[in-house]
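I have placed the structure first, in the form of structure tokens, so that the comments after it can refer back to it.
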Amino acid sequence: MTMKYLQGYPPALVAQAQTLLDRGELAPMLARKYPEPHEVRSDKALFDYTQALKQRYLRNADPLSRVCYDAKLKVVQHALGTHTRATTKQGNRLKARREIRVATLFKEAPADFLKMIVVHELAHLKHLDHDKAFYQLCHHMAPDYSQLEFDLRLWLSCADVAAASPHVTPTAPDQTTR
């Protein structure tokens with residue numbers, strides 16, 4: 001299986017990750033490094049979690065209308081979360097709505113990975129593009145942001161392998177068919 005989430009990383013680093021994945025050592029290593037689960041299971045809990053981070057780091061940013069888990073976001077389409085803004089006209093006034101949607105797979109992810117994706121989407125409140133200022137803001141909110149992003153990519157690679165491995169139940173000898 002290719003390391004599709006590590007495209008753009010140095011080939012030597014990708015090869016090292018691939019070796020750990022092939023040996024079955026990568027998932028246990030990540031589980032030891034990120035043992036803490038989170039309790040953010042509902043959309044309301046995710047909204048409150050995101051609002052707390054926003055209040056701490058981005059008090060002056062536009063308010064969020066909605067934050068939710070979204071089962072339609074697919075990792076294959078490279079969307080782990082989305083930030084949308086929509087402007088509607090109400091009479092003579094323009095009203096902005098900002099939403100953050102996080103892929104449902106983060107309900108089961110380690111706490112640090114949920115924080116990384118929420119930090120990433122919050123940074124889009126200030127910076128639309130993935131430029132230097134965007135990543136500086138991500139690092140301000142999560143100092144280990146780059147390591148978390150890399151480890152999340154490794155975790156996604158492990159999840160792909162687990163999803164691709166069929167769970168074969170051995171058949172008892174007396175139940176075999178000929």
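Sequential numbering of the sequence shown, starting at 1, is according to the UniProt record's numbering.
Glycine included, every Cβ here is placed at the ideal spot set by N, Cα and C.
Could you check what DSSP says for residue i in three-state terms: helix, strand or coil?
| i | result |
| --- | --- |
| V40 | coil |
| D62 | coil |
| A163 | helix |
| E121 | helix |
| D70 | strand |
| A109 | coil |
| E25 | coil |
| A103 | strand |
My assumption, with CB atoms under 8 Å, is that residue i sits in contact with residue j. Please give the rounded CB distance.
| i | j | result |
| --- | --- | --- |
| W155 | F113 | 6 Å |
| L73 | R101 | 6 Å |
| M141 | V119 | 4 Å |
Going along the chain, which residues of its own chain have a beta-carbon closer than 6 Å to the beta-carbon of residue i, five neighbours each way excluded?
| i | result |
| --- | --- |
| V67 | L46, F47, T50 and I100 |
| D70 | R101 |
Between the beta-carbon of residue i and the beta-carbon of residue j, is there less than 9 Å?
| i | j | result |
| --- | --- | --- |
| L122 | Y57 | yes |
| H38 | P143 | no |
Below 7 Å CB to CB, which residues in the same chain sit around residue i once its five sequence neighbours on both sides are set aside?
| i | result |
| --- | --- |
| Y5 | R153, L156 and S157 |
| L137 | A123, K126 and H127 |
| Q18 | M3 |
Once the 5 residues before and after residue i are set aside, which same chain residues still bring their CB inside 8 Å of it?
| i | result |
| --- | --- |
| Q16 | none |
| V76 | Unreliable placement is indicated for V76, whose pLDDT of 46 sits below 50; the coordinate value is still reported in the next sentence. Cβ neighbours of V76 beyond the five flanking positions: none. |
Could you check the C-alpha separation between residue i and residue j for me, to the nearest Å?
| i | j | result |
| --- | --- | --- |
| V14 | N92 | 54 Å |
| A12 | P28 | 21 Å |
| residue 179 | R97 | Since the first residue of the chain shown is 1 and the last is 178, residue 179 is not available in this structure. |
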